[in-house]
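Asks: My structure is below; once you've seen it, I'll send some questions.
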Amino acid sequence: MRQQYTLFGWHLSYFTGKALCYLRYKQVDFRLKPVNLFTLTWTIKKKTGAAVLPVLLSPQGEWIQDTSVIIDHIESLFPENPVMPATPVQTFASLLLEAWGDEWWVPIAMHTRWNYPENYALFEHDAGKALLPWAPWFLQKRVAAKPARFLRGMLPYVGIVPEQYDAMNRWTTKMLDALDAHFSATPFLLGDRPSLGDFSLVGTMYGHLGRDPWPKRELVAPRKHLSVWLERMKNPAPYSKGVLLPDDGIPRSLDAVFYSVFHEFVPMVEAVAENTARYAAKHGLNKKLPRRVGQVTTTMAGEPFTRGALPYMVWMLQRALDAYRAMNPSEQAQVRQWLGNYGAAHLLDLDLPRVSRAALNVSVEQLPSNFLEQAA
Numbered sequence: 052m053r054q055q056y057t058l059f060g061w062h063l064s065y066f067t068g069k070a071l072c073y074l075r076y077k078q079v080d081f082r083l084k085p086v087n088l089f090t091l092t093w094t095i096k097k098k099t100g101a102a103v104l105p106v107l108l109s110p111q112g113e114w115i116q117d118t119s120v121i122i123d124h125i126e127s128l129f130p131e132n133p134v135m136p137a138t139p140v141q142t143f144a145s146l147l148l149e150a151w152g153d154e155w156w157v158p159i160a161m162h163t164r165w166n167y168p169e170n171y172a173l174f175e176h177d178a179g180k181a182l183l184p185w186a187p188w189f190l191q192k193r194v195a196a197k198p199a200r201f202l203r204g205m206l207p208y209v210g211i212v213p214e215q216y217d218a219m220n221r222w223t224t225k226m227l228d229a230l231d232a233h234f235s236a237t238p239f240l241l242g243d244r245p246s247l248g249d250f251s252l253v254g255t256m257y258g259h260l261g262r263d264p265w266p267k268r269e270l271v272a273p274r275k276h277l278s279v280w281l282e283r284m285k286n287p288a289p290y291s292k293g294v295l296l297p298d299d300g301i302p303r304s305l306d307a308v309f310y311s312v313f314h315e316f317v318p319m320v321e322a323v324a325e326n327t328a329r330y331a332a333k334h335g336l337n338k339k340l341p342r343r344v345g346q347v348t349t350t351m352a353g354e355p356f357t358r359g360a361l362p363y364m365v366w367m368l369q370r371a372l373d374a375y376r377a378m379n380p381s382e383q384a385q386v387r388q389w390l391g392n393y394g395a396a397h398l399l400d401l402d403l404p405r406v407s408r409a410a411l412n413v414s415v416e417q418l419p420s421n422f423l424e425q426a427a
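Printed below as a string of structure tokens:
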């Protein structure tokens, strides 16, 4: 029997796009299986603890949830053509880009989908056909309406409210222009082959901005270099033998990206971490936290931007900091020096709560030292 992986997901899904492009790049033997209603609400929930997609089923029967964990799993078994760079600065930058792509872009993807009604028909078609593939169209449309209502109802929780539309639109235009300019000179984020950050960024581009009718026409198509990058990412295997930039380099054409990482995303995660630690200090350690613990305010396009505080973000940034702490002193010094170019070396000294992940939730294993000092 052929040893084949199964990726349960939808083409319209933010994180399915990330996993799908990654598995194509690794040339792993897999099939994409659309998630029907029973599989999503019963099988996947029972196997992983949440009704979520994508999920990877291994040939050995292991159900693997979360795209970061999926990538870690496949990289450990198939080390050829790695998506993680071999050098310290590019490694740390890649993990930051993964966290930024996974978490910061979610409001943009949801805004450009759910605030433009011409996108709804494609969602109804894809979701309805996947959830009830055997049913007539009118039933498919009816069942697709439930996740659509749920997702539209989530908009305020991720900061998608009318008073923030202008900042989101200006940020999106500026960032897509910066990425288009970067891809005019460099095929992928860090060189001639995709790395971890590319696969995270393609999540929002594959299923949302590059596929929904409105953003595809208005945002992606006019930017030809971004469009070509997206097409490369849909079939990235031919680029697997490319090389990353020499001397552990990070292109200055990504300065706008890293400005957002260091001055928008990281401050948001710091605020989320504080909410997370405060909640755990009150309710106890090693207990599953809610998906949202209040709200936080950061900046977007120079304006205040408020959204729900998701403790999961702390786990994503923790991954990057753990990689840094595992480096030798010389490698750490190189990372610190690179961060210093952006005035962001303090990132390495953040006192975050230590969290562990379970499906879509986290629990706090250890409070930051300042909370421990207050309790002493």
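FYI, the numbering for the sequence shown is 52 to 427, going by our numbering.
Every residue, glycine too, gets a C-beta built ideally from N, C-alpha and C.
(1) Grouping DSSP H, G and I as helix and E and B as strand, with all else coil, what is A144?
(2) Spell out a yes or no on whether the segment 180-193 and the segment 261-273 are touching, meaning 3 or more CB-CB pairs, one atom from each, closer than 8 Å.
(3) Could you check which residue in Y363, Q388, P419, Q417 has the C-alpha nearest to that of Q141?
(4) In whole angstroms, what separates the C-alpha of A328 from that of N412?
(5) Rounded to whole angstroms, what is the Cα-Cα separation between A218 and T224?
(6) Give me the residue from H124, W151, N220, K96 with the minimum Cα distance to N166.
(7) Could you tell me which of C72, R193, Q383 sits nearest to F250, measuring between CA atoms?
(8) According to DSSP, is N412 helix, strand or coil?
(9) For M52, which three-state DSSP category applies?
(10) Have a look at the DSSP bridge pairing and note the partners of K84.
(11) How would you write the range of the beta strand (DSSP E) that Q346 sits in, first residue to last?
(12) In chain order, what residues of the same chain have a beta carbon less than 6 Å from the beta carbon of V134, not counting five sequence neighbours either side?
(13) By the 10 Å Cβ neighbour count, where 16 or more other Cβ atoms means buried, how is G391 classified, buried or exposed?
(14) With DSSP run on the structure shown, which of helix, strand or coil describes L108?
(15) Between the beta-carbon of G210 and the beta-carbon of F356, is there less than 7 Å?
(16) Restricting to Cα atoms, I'd like to know which of E321, N337, L340 is closest to T350.
(17) Per DSSP, P355 forms a beta bridge with which residues?
(18) Using a threshold of 7 Å, state whether the C-beta atoms of W156 and A352 are closer than that.
(19) Taking the continuous beta strand (DSSP E) assigned at Q116, which residues delimit it?
(20) Roughly how many angstroms separate the alpha carbons of K338 and V406, rounded to a whole number?
(21) Express the C-alpha separation of N421 and G261 in angstroms, rounding to a whole number.
(22) Could you work out which residue in F309, T348, L206 is closest to L146 when comparing CA atoms only?
Replies: Taking the geometry as given:
(1) Indexing the sequence shown from 1 puts residue 144 at position 93. Residue state, collapsed to three classes: helix.
(2) In short, these stretches do not touch, since the Cβ pair count stays below three.
(3) As a first step, residue 141 is located in the sequence shown; it is residue number 90 there, counting from the start. Of Y363, Q388, P419, Q417, the residue nearest in Cα terms is Q388.
(4) For the purposes of this step, residue 328 is identified with residue 277 of the sequence shown, where counting begins at 1. For the purposes of this step, residue 412 is identified with residue 361 of the sequence shown, where counting begins at 1. Going by the C-alpha atoms only, they are around 14 Å apart.
(5) Reading the sequence shown from its first residue, position 167 is the one you call residue 218. Reading the sequence shown from its first residue, position 173 is the one you call residue 224. C-alpha separation (whole angstroms): 10 Å.
(6) Stepping through the sequence shown from its first residue, residue 166 is reached at position 115. Of the candidates H124, W151, N220, K96, the one whose C-alpha sits nearest the C-alpha of N166 is N220.
(7) Along the sequence shown, read from residue 1 onward, the residue named residue 250 stands at position 199. Comparing C-alpha distances from F250 to each of C72, R193, Q383 shows the shortest one belongs to C72.
(8) Locating residue 412 in the sequence shown gives position 361, where the first residue counts as 1. Three-state DSSP puts N412 in a strand.
(9) Numbered from its first residue, the sequence shown carries residue 52 at position 1. The predicted model places M52 with a pLDDT of 38, which falls under 50 and marks its position as unreliable; any figure quoted below should be read in that light. Coil.
(10) Locating residue 84 in the sequence shown gives position 33, where the first residue counts as 1. According to DSSP, which records beta bridges pairwise, K84 is partnered with F59.
(11) Position 295 of the sequence shown, counted from the first residue, corresponds to residue 346. 346-351 is the span of the beta strand (DSSP E), which, as asked, contains Q346.
(12) The residue given as residue 134 occupies position 83 in the sequence shown. Counting only Cβ-Cβ distances below 6 Å, and skipping sequence neighbours, we find S246, L247.
(13) Residue mapping note: residue 391 aligns to position 340 of the sequence shown, counting from 1. It is exposed - the Cβ of G391 has fewer than 16 other Cβ atoms within 10 Å.
(14) For the purposes of this step, residue 108 is identified with residue 57 of the sequence shown, where counting begins at 1. DSSP places L108 in strand when its eight states are reduced to three.
(15) The residue given as residue 210 occupies position 159 in the sequence shown. The residue given as residue 356 occupies position 305 in the sequence shown. At the C-beta level, G210 and F356 come within 7 Å of one another.
(16) On the sequence shown, residue 350 is found 299 positions in, with the first residue counted as 1. Out of E321, N337, L340, E321 has the C-alpha closest to the C-alpha of T350.
(17) Along the sequence shown, read from residue 1 onward, the residue named residue 355 stands at position 304. For P355, which the question treats as bridged, DSSP gives the partners T350.
(18) Reading the sequence shown from its first residue, position 105 is the one you call residue 156. Reading the sequence shown from its first residue, position 301 is the one you call residue 352. Not a contact, by the Cβ cut-off of 7 Å.
(19) Within the sequence shown, numbered from 1, the residue matching residue 116 stands at position 65. DSSP places Q116 inside the beta strand (DSSP E), whose first and last residues are 114-116.
(20) On the sequence shown, residue 338 is found 287 positions in, with the first residue counted as 1. On the sequence shown, residue 406 is found 355 positions in, with the first residue counted as 1. So the two alpha carbons sit approximately 10 Å from each other.
(21) Locating residue 261 in the sequence shown gives position 210, where the first residue counts as 1. Locating residue 421 in the sequence shown gives position 370, where the first residue counts as 1. Distance between the alpha carbons of G261 and N421: 44 Å.
(22) Looking up residue 146 in the sequence shown gives position 95. The shortest C-alpha separation from L146 is found at F309.
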